[in-house]
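A.B. asks: Protein chains in written order, with this note's numbering: chain A, 40 to 493; chain B, 40 to 493; chain C, 40 to 493; chain D, 40 to 493. Where a beta carbon is used, it is the ideal one built from N, C-alpha and C, also for glycine. Handing you a structure now.
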């Protein structure tokens with residue numbers, strides 16, 4: 040059993056989404072004060088989405104506090120209403136699990152880096168592995184704080200994050216289809232973007248959550264609140280996370296980093312040295328190198344590159360810093376074959392198509408009733424009737440059934456906006472129009488026009 | 040063309056839902072000040088729902104102002120962004136229609152009475168006919184104010200409400216699947232109940248509404264906002280409007296009025312005279328009689344009847360005033376046949392089953408793609424692509440498709456709570472349990488337990 | 040020590056202001072279900088204010104649940120953070136006091152009647168005495184439920200409400216300058232009127248409240264939150280509670296009841312019998328008679344009187360039901376002497392000045408640092424420094440000091456609106472203008488124009 | 040008269056505070072898309088305050104859009120309700136002024152740099168001069184866009200910002216005691232910190248604003264809304280902007296930059312070159328150099344310096360990046376003389392007192408009725424009675440009078456937290472306690488404890 044001294048008096052942090060973040064244990068406060076956790080202040084939660092939704096400037100620091108707070112509230116509910124009476128009864132033995140759940144919630148994103156997914160794709164980093172490393176490597180402050188609880192505590196916390204911790208409630212609090220992570224980011228992203236889609240009834244969901252032998256279930260009178268959460272999540276993906284303009288900025292970013300890497304490898308990068316990136320260009324980086332990176336560091340080098348002698352690097356850096364996203368068009372089976380022609384025309388117009396065009400798709404499974412092949416924990420949502428019977432959510436809800444198991448999203452071809460403006464272009468526009476005529480029947484045919492969609 | 044002088048300065052009313060209600064025309068202010076409109080202050084918007092959701096104490100007065108305000112905003116949008124350039128272009132000729140739309144919006148509920156649906160059922164009144172009568176009968180103040188605009192103005196306003204007004208945009212503003220009436224009540228009921236389900240993005244819906252030849256369509260980038268509104272509406276019906284406990288109070292109310300009518304007809308009503316109800320007992324009432332009724336008048340007579348010598352009347356009055364709803368159980372094809380046995384047991388326990396039990400169903404069509412048999416205006420929701428093509432909503436939205444055309448609700452058998460408590464009852468409980476074992480697969484299997492559901 | 044069984048599972052009520060009302064004890068649920076408590080559903084919290092702020096339709100029922108919930112949260116804070124270690128240490132001995140505090144909070148308004156203050160003024164009733172009677176008289180359901188806890192429990196609860204209960208924290212929770220009652224009504228009235236003035240930071244105030252020997256103090260880091268509450272309260276009085284138009288309706292109501300009483304006493308009331316009011320006309324009413332009254336009962340008799348043969352009664356009933364408030368003008372020392380002349384002109388115009396004019400003042404002490412003459416409990420707000428030193432709020436806050444001990448409000452002369460419209464009136468308007476020229480320097484010179492102020 | 044083409048269709052940006060930002064003119068959209076304006080995305084609005092209020096991560100980009108939107112709404116009000124009929128009538132001649140007001144609003148902060156005030160203090164930059172330069176220097180994109188309207192348009196916009204533009208309404212919209220700038224930042228900072236103090240009734244203030252000959256006045260029925268805004272502003276300064284912990288981080292930042300400058304000047308800076316800062320170390324920077332800086336660039340060099348060989352630089356960089364604020368104590372006339380002794384002890388403990396201690400004061404004038412010596416535009420707030428008479432706000436409001444003309448804030452001595460922890464320190468703690476005993480009577484004696492105040 041892991042324990043940590045309580046603070047002499049509970050400490051609270053004011054939070055716009057949850058009102059207060061309540062910190063009770065010294066170990067939580069110490070974790071917040073580590074250099075690795077403070078780094079999260081310098082990494083935006085939504086990456087390039089803030090180019091489309093200007094209010095979405097919040098960071099992974101704020102989100103991590105929120106996930107911690109929701110987990111704390113779930114633990115409180117379980118402890119007060121479902122205390123375990125004897126081992127193995129599927130109820131909640133708080134003493135064993137509370138501390139490990141709280142630390143895992145706080146630290147679940149600690150390994151995220153600047154512009155996470157794009158950076159990982161180019162440089163082969165993996166934020167999940169790095170999370171584990173930060174928790175378990177003796178060189179980090181996080182590990183030192185965790186080890187002060189017990190020598191094996193860092194491993195225990197890490198095992199929650201990679202789903203091997205034995206208690207299924209703890210694992211599902213942090214990682215399931217309706218976990219503290221997803222609940223916080225939906226609420227927080229909705230709050231900061233100013234969209235309304237993410238606003239589900241979190242108080243009620245917390246109230247109807249309950250432990251059972253295999254993990255966490257939801258009482259049947261909260262079925263509609265859970266259903267509403269699934270719809271909210273679906274809407275946020277369709278309307279915010281997959282917005283084609285944010286993806287147009289991601290494409291610029293990916294090509295910019297790729298070009299820089301290419302130039303470095305060919306000794307053609309200008310004289311302003313991107314010191315903290317060199318280990319990544321050389322594929323030889325330490326955890327320390329990784330932890331030195333953040334959004335601002337990358338942006339600083341982009342400012343360097345905005346004046347680089349290489350035309351493509353300079354231009355792509357300008358497009359990213361000064362928000363000039365690529366434009367896009369969805370493609371389908373029928374129009375896919377026109378893409379090589381498009382790339383050819385882009386090249387003919389003086390743009391290297393490898394850096395100035397891209398395919399980008401964006402898919403999410405809004406709700407997955409059951410995926411036997413997944414190595415993830417069993418994630419389907421169970422509704423518990425008064426007599427204890429469990430029913431999987433999509434068997435009870437027509438709405439959830441309608442979207443369960445279907446991946447939604449779209450496939451887009453990205454290209455420079457200039458292609459549409461060029462006067463002398465007699466070919467691009469007609470092909471583009473051919474794409475446009477394609478009848479949309481998928482979800483992302485309806486991007487918001489009340490975001491910055493230019 | 041109908042005109043009315045503008046007020047010297049626009050007048051505003053503070054509103055918790057829309058922030059301000061803006062009154063520009065003298066005729067609107069005069070209508071608000073009529074005796075018929077002020078009466079709406081004394082009629083609750085949600086009837087017996089406030090017995091379950093205690094915050095829902097708002098009246099039809101407040102709602103009517105809200106419908107007016109949303110209609111005003113729709114007119115502003117149409118006038119600014121889609122002015123008609125020549126007759127018959129399907130765009131918005133404000134001068135002809137604004138005033139008639141505003142008055143129809145304000146007055147669309149003017150004929151509603153106390154505990155509307157239940158009262159109508161017992162006494163054969165019809166709030167739609169009475170609305171028309173209030174608008175067109177020279178004895179009302181409303182008619183006098185409307186007539187000051189033009190002699191045929193009252194008829195024009197009334198024709199909007201019965202869907203015969205020639206301009207389809209005006210008719211659909213007030214009455215369609217996504218009209219000012221529905222939008223206001225969803226927002227207002229959500230605000231006052233404290234539930235979150237009714238909160239859709241009204242600003243964005245107002246922004247994407249646009250006139251076209253056959254009425255009102257929605258621009259395609261607002262598809263998800265419209266989809267979200269349909270889901271909200273569905274959730275409000277499932278969770279608030281159809282709540283089984285509110286219906287348990289409606290059943291008590293209906294039986295109470297029925298019993299009083301029966302006793303009056305048989306000259307057995309006690310000596311306290313329910314003066315204002317007599318014309319209705321005698322099926323011989325004038326518009327003036329109707330306009331004298333409100334929730335408080337009925338409650339006053341219930342207070343009389345709480346001391347009536349007739350046992351059933353006295354008890355039912357007590358159950359209604361002091362909130363003792365009947366309990367209920369859903370029934371299905373299989374369990375329907377047990378109902379006569381239940382009624383028999385209720386009678387054996389000393390309760391007249393005609394007054395102490397009831398069947399009650401509750402169905403709504405959350406979205407109706409098209410109903411060719413309906414005499415209502417064509418109500419399907421059309422999404423307009425950038426090139427002007429129209430697509431019916433459920434062809435674009437998986438979620439709407441999932442619920443379109445399906446009526447949802449449940450059928451319940453109501454009975455006195457005492458039947459479950461009776462010690463000596465060896466039969467009722469087992470039958471009740473049989474009902475309970477019935478496997479729910481419909482929507483209303485999940486009534487909220489965070490309302491007053493006892 | 041008083042105890043009551045806990046419910047098998049906590050019951051919650053959805054509330055728009057506090058999100059949830061949590062009911063833990065069976066006795067609380069039973070009290071809510073009494074006929075006396077259910078009656079509060081039929082009495083508006085703000086009386087005639089809803090004629091000015093149309094959203095303010097909430098009742099004393101809803102408010103009473105809110106006061107209960109805030110008291111419950113205060114008790115939780117005291118129990119968790121300031122448990123008494125030994126008798127008389129000024130800390131919180133939950134077991135003794137929690138139940139009595141919760142019941143007193145729930146029932147503090149149980150004696151309120153329809154249009155409370157006006158009715159009391161005319162008929163000599165007193166809602167505080169009636170509250171005590173409802174709690175202690177064996178004929179009420181409330182008394183029966185309370186007595187089930189202990190024979191002396193009703194007296195204990197009543198003693199909290201009349202400030203004689205020995206524990207000062209309990210008394211101050213329910214009745215002090217910053218008690219659960221005031222906090223709930225400010226938040227709830229702000230929510231329902233749609234004004235923003237009442238929105239102070241209740242979460243933070245609850246957090247900084249703490250027991251000490253003489254009652255309740257506030258920790259110093261919450262000084263500004265308490266200051267902000269005092270300002271909110273001041274603003275709500277200035278802007279909502281004292282609105283001259285609501286008072287114009289109160290004047291109509293008072294005169295209407297007065298006229299009816301006069302006519303009854305002189306056997307001139309029409310033939311429609313206001314049955315439930317007779318005991319009050321005859322100054323011979325029982326508690327049972329009192330509990331039969333509510334807003335709807337009075338309104339029902341006003342509907343009778345709207346057709347009474349007496350001109351004044353008929354007209355005043357019409358003015359009240361159909362919202363025709365008297366107009367008003369503030370008067371000062373200088374202009375006071377013109378009032379007899381005004382009354383004379385009103386009489387000359389055919390209005391009986393006893394029923395068609397009135398003086399009305401409206402004063403509140405926004406914060407009272409200390410009033411040695413008061414029989415109320417010591418109510419000054421104490422701020423506790425980290426070392427335990429107490430400082431009275433107005434010594435620390437410039438803002439509170441500015442308004443402390445000053446009564447604010449205005450004195451107004453009310454008269455029929457027709458006096459200003461009369462063409463032939465050569466005298467009234469000039470005098471009215473003389474009043475108007477009076478230079479305002481007091482608070483209520485600035486009535487809102489975004490309410491219905493006509 | 041300046042004009043700019045309208046966009047084919049109004050463009051909106053979703054905003055969490057104002058719901059929508061409406062862009063009507065092409066020139067506004069072009070300004071938003073300039074490199075200088077996009078740079079504001081990389082500069083936090085509240086600098087070090089986000090170390091205390093973790094939600095306050097919003098940038099000057101978002102704020103600038105908000106100021107633009109409020110200005111647009113003020114212009115709409117003036118144009119619709121107070122159009123000028125003839126020159127010089129003190130009313131609003133929209134055609135002349137709207138475009139210049141909108142551009143000035145959008146660009147008023149364009150010259151702000153990273154960690155603005157601290158940076159300016161160390162490097163002698165001036166954001167107001169730089170704003171003017173950005174507007175008027177032909178090398179900027181902003182200047183090029185503005186010049187497309189008219190050759191003298193950039194100068195016109197700049198003259199609004201330095202208060203020399205002839206139209207007083209336009210100047211006061213952007214810069215007065217109740218301008219679009221202050222209104223947006225109060226609302227936005229309250230929204231993002233999650234505090235409630237900044238929430239005043241902006242809709243109503245916008246409604247009661249009106250032009251008059253000398254600028255902008257407020258109608259008397261909005262007096263209390265204006266009063267409430269002044270109180271909100273006062274509270275935000277006391278509770279958020281002056282928080283001692285944020286200032287403890289500012290002190291660290293200032294000393295860090297000072298140390299780096301010193302080392303550079305003495306050729307002792309480590310080998311990692313802070314390229315973009317060099318021109319500032321050498322006091323020889325261009326506008327281009329200035330526009331390359333942002334929060335992320337400074338943080339990047341702090342990451343370099345966290346590994347610098349210089350002990351002080353390395354440690355201060357760590358304290359800033361990893362959030363280790365200096366602790367503080369307020370001082371007064373009496374305790375001021377103890378400060379040299381404190382510095383001596385700090386030095387004796389091994390900390391260079393020039394870098395490890397500081398005096399910091401923080402004063403604001405919450406409302407300035409009139410300051411004849413100010414070169415700023417006349418800023419007192421005028422309330423206009425119905426007859427056109429003007430009264431200065433503090434003559435009407437007791438609350439505003441209480442704080443008018445008084446500067447509030449405190450003076451603090453900052454030192455390393457380690458001084459309190461040192462076991463062997465026999466002197467520091469007793470002196471510190473002496474400071475602590477000082478009786479607070481000023482405003483900032485009450486820092487929030489629900490922020491991160493460690």
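Looking at residue 75 of chain B: is its Cβ nearer than 8 angstroms to the Cβ of residue 169 of chain B?
C.D. replies: No, they are not a contact pair.
A.B. asks: Of the residues D:157, D:193, D:92 and D:166, which one's Cα is nearest the Cα of residue 139 of chain D?
C.D. replies: Measuring from the Cα of residue 139 of chain D, the nearest candidate turns out to be D:193.
A.B. asks: Report the neighbours of residue 113 of chain B on chain A: residues whose CB is nearer than 8 angstroms to its CB, in chain order.
C.D. replies: None at all; the shortest Cβ gap to chain A is about 17 angstroms.
A.B. asks: Once DSSP output is grouped into helix, strand and coil, what is the label at residue 169 of chain A?
C.D. replies: Residue state, collapsed to three classes: helix.
A.B. asks: Could you pull out every unbroken alpha helix (DSSP H) segment of at least 4 residues lying fully inside the region 256-340 of chain C, listed in chain order?
C.D. replies: Within the region 256-340 of chain C, the complete alpha helix (DSSP H) runs of at least 4 residues are 262-275, 283-304, 317-320 and 326-330.
A.B. asks: Determine the direct distance from the alpha carbon of residue 268 of chain D to that of residue 441 of chain D, and round the result to whole angstroms.
C.D. replies: Approximately 15 angstroms between the Cα atoms of the pair.
A.B. asks: By the criterion of Cβ-Cβ separation under 8 angstroms, what are the contact partners of residue 97 of chain A in chain D?
C.D. replies: By Cβ distance, chain D contributes 94 and 96.
A.B. asks: Going by alpha carbons, who is nearest to residue 447 of chain C out of C:314, C:457, C:325 and C:270?
C.D. replies: Out of C:314, C:457, C:325 and C:270, C:270 has the C-alpha closest to the C-alpha of residue 447 of chain C.
A.B. asks: Residue 435 of chain B to residue 279 of chain C, Cα distance in whole Å?
C.D. replies: Going by the C-alpha atoms only, they are around 48 angstroms apart.
A.B. asks: Measuring CB atoms only, is the region 420-434 of chain A touching the region 330-343 of chain A, in the sense that at least three cross pairs come out at less than 8 angstroms?
C.D. replies: These segments do not touch.
A.B. asks: Expressed to the nearest angstrom, what Euclidean distance is found between the alpha-carbon atoms of residue 405 of chain B and residue 143 of chain A?
C.D. replies: Taking the straight line from one Cα to the other gives about 42 angstroms.
A.B. asks: What does the alpha-carbon distance come out to for the pair residue 479 of chain C and residue 130 of chain D?
C.D. replies: Caution applies to residue 479 of chain C, whose pLDDT of 48 falls short of 50 and renders its modelled position unreliable; the model cannot decide the point.
A.B. asks: Could you give the C-beta distance for residue 355 of chain A and residue 294 of chain A, rounded to a whole number, given that I count them as a contact under 8 angstroms?
C.D. replies: Confirmed, about 6 angstroms.
A.B. asks: What does a CB cutoff of less than 7 angstroms around residue 346 of chain D pick up in its chain, not counting 5 residues either side in sequence?
C.D. replies: Here the set comprises 353.
A.B. asks: Span of the alpha helix (DSSP H) holding residue 394 of chain B?
C.D. replies: Run containing residue 394 of chain B: 392-395, per the alpha helix (DSSP H) assignment.
A.B. asks: Taking residue 126 of chain D as the reference, give the member of D:251, D:63, D:245 and D:344 with the closest Cα.
C.D. replies: Residue 126 of chain D has its Cα closest to that of D:251, out of D:251, D:63, D:245 and D:344.
A.B. asks: Counting pairs of Cβ atoms below 8 angstroms between the region 225-245 of chain A and the region 41-55 of chain D, do you hit three or more?
C.D. replies: Yes, the region 225-245 of chain A is in contact with the region 41-55 of chain D.
A.B. asks: Taking Cβ positions, are residue 202 of chain C and residue 196 of chain C nearer each other than 8 angstroms?
C.D. replies: No, Cβ-Cβ distance for residue 202 of chain C and residue 196 of chain C is not below 8 angstroms.
A.B. asks: Just the C-alpha distance for residue 188 of chain C and residue 128 of chain C, rounded to the nearest angstrom, thanks.
C.D. replies: Each residue's alpha carbon lies about 27 angstroms from the other.
A.B. asks: Residue range of the alpha helix (DSSP H) that residue 113 of chain B falls in?
C.D. replies: Run containing residue 113 of chain B: 99-120, per the alpha helix (DSSP H) assignment.
A.B. asks: I need the DSSP call for residue 158 of chain A, collapsed to helix, strand or coil.
C.D. replies: Of the three classes helix, strand and coil, the one that applies to residue 158 of chain A here is helix, per DSSP.
A.B. asks: Tell me the residue span of the beta strand (DSSP E) that contains residue 389 of chain B.
C.D. replies: Counting along the chain, residue 389 of chain B falls outside any beta strand (DSSP E), and DSSP gives it neither H nor E.
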